[in-house]
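Here's the structure, in structure tokens; my notes come after.
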Amino acid sequence: MKKLWGGAFSETTAELVDRFGQSIETDLNFWQEDIIGSVAHARMLGAQGIITPEEAKLLIDGLEKIHEEGPEFLHLDVEDVHTAIELRLHELLGDVAGKLHTARSRNDQVATDTRLYLHNELLIVFDLIKKLQGLLLEKGELYKSSLMPGYTHQQRAQPITLGFHLMAHFWGLQRNGWRAERLFELANYCPLGSAALAGTSFPIDRKATADELGFIAPIPNALDATSDRSYILDALHLCGLIMIDLSRISQELVLFSGREFGFVKLSDSVTTGSSIMPQKRNPDMAELIRGRTGRTLANWTTLATTMKGLPLGYNRDTQEDKPPLFDSLRKVKDSLKLIYLMLDTADWQIERMATSVRGDFSTATDLADFLATTGVPFRQAHEIVGKLVIGCNTLGCTLEELTPETLAEIAPEVPVEALAVLQPEGSVKRRESLGGPGPVAMDAQLAHARNLWETEGFHHIA
Ligand code: ARG
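Note that the working numbering has the sequence shown beginning at 3, numbered continuously upward.
Quick look at the structure:
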């Protein structure tokens, strides 16, 4: 195997050592970032007179040619992508290719590549989050008055609307977008020019390379720059949080699409059949998102365990930062797209949801609230309604089926006007407190969300 080192070695390494150390396959994820980083480095070397302007031009043209050719022209029987690109450059240019590595090391190079890669991936994640939020806004508006049961403890609690429910997920995405933006900034500092650990004696210009690559500034300490992987842990944490939220949406789709609920039909394009039961339509994508969330959480633990107690200075252990990062980002991107697809094509069973709100005693709180407005202390009102619920059960009727006569029979202390608050439509309409599902409050929420959504980036709630 061709190497970038070996001058001081008289024997070749064992084959297993080569194989065990290889990272080329995962590195290919950022072959472009590696070239872009090298172009900036070569330009800076030329501008500083460390190599001649002609040499700099040769190196840059060669690197651009490799970029055009694509990764198919790289030798893959090498240790890593840095080696593969330098080798190809040597094939194209001859010995001048060897000047590219002046005043840098793979240690600052790999850290730069990873930061550039994360930067580009976060831009994609921002777009995917915005796109899903746009869909939730659209559906939130469409279904803002479609009744559905609201749950706590997974038991019927109070009537809400489907639009209100869907919009709850909008805000989770907004928080994760906000977190992603903070990470975008935090990780946007440049390690290039830190060399192996202690900088270089060449008169390099780290500010120039940082600027060209779109970083805010060079990282001030070369040892820190080559040792830090905390931004990758942040990225893995972010990916885990996004997946946790998507797994919760997934779980709802699994539940709601089951016959017991019957709230939604998922489209054929996102469901799968069973090889034995012809009637089945399985929500596999939702299940896989739920299932793969575990791996993204493990990815954080994997790297945190690697980093714990790791001394400063480059350690080969940190080669293990990239597989979890690539894996988590891929899962997040795919899952955001799949949730979009499932929700975009979902056929919500509005009638079924609205009728299922009837007869489930979920307006009991409305009755207690009503009694409280007549001067009965809420605790006492709660108890009276409890008695009423038992009474209904004994009579075999629901709250909305109570008549003035049955009401007087069970709870004579409740005025007959109370019957007016037992319909679920009215229950939602009255819940106009900020953040509630009532029509005015809901319109305000939708306007607030749309305003944030249309503003560039992910601003905090206020
Ligand atoms: N594949 C290595 C990594 O990802 C590249 C840096 C190698 N540096 C070294 N001194 N061996 O960390």
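Where a beta carbon is used, it is the ideal one built from N, C-alpha and C, also for glycine.
By Cβ distance, which residues of its chain are closer than 6 Å to residue i, with the 5 residues on each side in sequence left out?
i, result
"R294", "K333"
"L225", "L199 and L314"
"S196", "D110, A224, A227 and T228"
"V429", "Note on residue identity: the sequence assigns Ser, not Val, to residue 429. P161, T365 and D368."
"L78", "I26"
"E123", "L331"
"P406", "V418"
"D20", "M3"
"K141", "L168"
"R283", "T273"
"M46", "D207, A210 and T211"
"E66", "none"
"F465", "Nothing about residue 465 can be reported from this structure: the residues present for the chain run from 3 to 464 only."
For residue i and residue j, which I take to be in contact (beta-carbon distance under 8 Å), what is that distance rounded to the nearest angstrom?
i, j, result
"P417", "T376", "7 Å"
"T303", "P193", "That pair is no contact at about 25 Å."
"K146", "L448", "7 Å"
"F372", "V423", "5 Å"
"T28", "F328", "6 Å"
"E411", "I386", "With 8 Å as the limit, E411 and I386 do not qualify as a contact, their Cβ atoms being about 14 Å apart."
"P73", "S358", "Their Cβ separation, rounded to whole angstroms, is 54 Å, which puts P73 and S358 out of contact at 8 Å."
"I126", "K324", "With a Cβ gap of about 17 Å, I126 and K324 do not count as contacting."
"L134", "L338", "6 Å"
"A182", "L240", "6 Å"
"V272", "T211", "No, V272 and T211 are not in contact; Cβ-Cβ is about 45 Å, not under 8 Å."
"L243", "L305", "Actually they are not in contact, since the Cβ atoms of L243 and L305 sit about 15 Å apart, beyond 8 Å."
"T104", "I52", "6 Å"
"P426", "L149", "6 Å"
"P326", "N301", "4 Å"
"G296", "D247", "Contact doesn't hold; Cβ gap of about 15 Å is too wide."
"L95", "G64", "5 Å"
"R231", "M309", "6 Å"
"Q176", "L454", "6 Å"
So, at 8 Å on beta carbons, what are the nonlocal neighbours of residue i in its own chain, with the 5 sequence-adjacent residues on each side left out?
i, result
"T54", "G48"
"F75", "I68 and R90"
"W180", "F460, H461 and H462"
"V256", "P285, A288, E289 and R292"
"Y153", "A159"
"K209", "A219 and P220"
"A420", "L369, F372, L373 and L409"
"L215", "I38, G39, A42, T114, L118, C192 and L194"
"Y233", "R117, L120, L185, L188 and A189"
"T457", "none"
"V98", "E57, L60 and L61"
"R1", "Absent from the model: residue 1. The displayed extent of the chain is 3 to 464, so no value can be given."
"D445", "K146"
For residue i, which residues of its own chain have a beta-carbon under 7 Å away from its beta-carbon, when the five flanking residues on both sides are left out?
i, result
"E50", "For the sequence presented, residue 50 should be read as Gln rather than Glu. Here the set comprises P205, I206 and D207."
"V80", "M3, K4, I26, A86 and L89"
"H384", "A370"
"D82", "S25, I26 and D29"
"L312", "D319"
"I251", "H171 and I341"
"P439", "I162, T163, F166, V430 and R433"
"D362", "P151 and R158"
"L299", "G242"
"S276", "K282 and N284"
Per DSSP, residue i forms a beta bridge with which residues?
i, result
"Y316", "Partner(s): none; Y316 has no beta bridge."
"P220", "C192"
"V266", "W350"
"T274", "N284"
Taking Cβ positions only, does residue i come closer than 8 Å to chain B?
i, result
"Y119", "As a matter of chain content, chain B is missing from the structure shown, which is built from one protein chain."
Exercise. Touching or not, the stretch 180-191 and the stretch 387-398, by the rule of three or more beta carbon pairs under 8 Å?
Worked result: Three or more Cβ pairs closer than 8 Å define a contact, and the stretch 180-191 falls short of that threshold against the stretch 387-398.
For this session: Flag this pair as touching only if the stretch 332-347 and the stretch 401-417 have three or more C-beta atom pairs under 8 Å; answer yes or no.
Result: Output reads no: the stretch 401-417 does not touch the stretch 332-347.
For this session: Say whether the stretch 258-275 touches the stretch 197-210, bearing in mind that this needs 3 or more beta-carbon pairs closer than 8 Å, one atom from each stretch.
Result: Contact between the stretch 258-275 and the stretch 197-210 is absent, because fewer than three Cβ pairs lie under 8 Å.
Exercise. Counting Cβ pairs, one atom from each stretch, are 3 or more of them under 8 Å apart for the stretch 163-178 and the stretch 133-151?
Worked result: Yes, since at least three Cβ pairs between the stretch 163-178 and the stretch 133-151 fall closer than 8 Å, the two stretches touch.
For this session: Output the residue ranges of the beta strand (DSSP E) runs that lie fully inside the stretch 119-184 and measure 3 residues or longer, sorted by chain position.
Result: For the stretch 119-184, whole beta strand (DSSP E) runs of length 3 or above, ordered along the chain, are 149-154 and 157-163.
Exercise. Hey, is the stretch 115-130 in contact with the stretch 32-39, meaning 3+ C-beta pairs nearer than 8 Å?
Worked result: In short, these stretches touch, since the Cβ pair count reaches three.
Problem set entry | Completely contained beta strand (DSSP E) runs for the stretch 22-92, where each covers 3 or more residues | You should have found no qualifying run.
For this session: Return the chain-ordered ranges of every alpha helix (DSSP H) run that is complete within the stretch 330-395 and spans a minimum of 4 residues.
Result: Every alpha helix (DSSP H) stretch that sits fully inside the stretch 330-395 and reaches 4 residues is listed by chain position as 352-358 and 366-375.
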